[in-house]
Amino acid sequence: MEIKTINYLKKEFVDYDDFVVSGEVYIGPENMDFVYEVFEFNVVSIKRLYSNFDDNAVMLSRGWMIVKTFDEKLIELKIESIVSRCNHLNDEENYVELSAYFRRLN
């Protein structure tokens, strides 16, 4: 599996440590240009999460990365790390495993 592209769809910034970002990552088999599945993800700062979180709230969700400050390269490295662990012989098994981390669109 490899990352075909990462697109950031929405960036809501108040400051470098107060933000939420929505994106999608296209992931598919190596050496097959137009074969991929699309997965969504969000990145939220600790500060933004804390400020928007009710006292008695519970968050249970996949597709979220929580970081202290925005660093696009660090986000991409984390996504690459997750994708590199998905090396089953069957592509569908890889996509199912990736669905534990990201929200699959297809």
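Count the sequence shown with our numbering and you get residues 1342 to 1447, in order.
All C-beta atoms in this analysis are idealised placements derived from N, C-alpha and C, irrespective of residue type, glycine included.
Remember, predicted model here, so these are calculated numbers, not experimental data.
Beta strand (DSSP E) segment containing residue i, residue limits
i            : result
residue 1367 : 1359 to 1369
residue 1356 : 1343 to 1356
Where residue i falls, given that 16 or more other Cβ within 10 Å makes a residue buried
i            : result
residue 1342 : buried
residue 1424 : buried
residue 1378 : buried
residue 1385 : buried
residue 1436 : buried
residue 1442 : buried
residue 1439 : buried
residue 1355 : exposed
residue 1366 : buried
Bridge-paired residues (DSSP) for residue i
i            : result
residue 1382 : 1364
residue 1408 : 1386
residue 1445 : 1380
Residue i versus residue j: straight-line alpha-carbon distance, rounded
i            : j            : result
residue 1433 : residue 1412 : 31 Å
residue 1421 : residue 1352 : 21 Å
residue 1369 : residue 1394 : 35 Å
Where the alpha helix (DSSP H) containing residue i begins and where it ends
i            : result
residue 1393 : Unbroken run through residue 1393: none, as it is neither H nor E.
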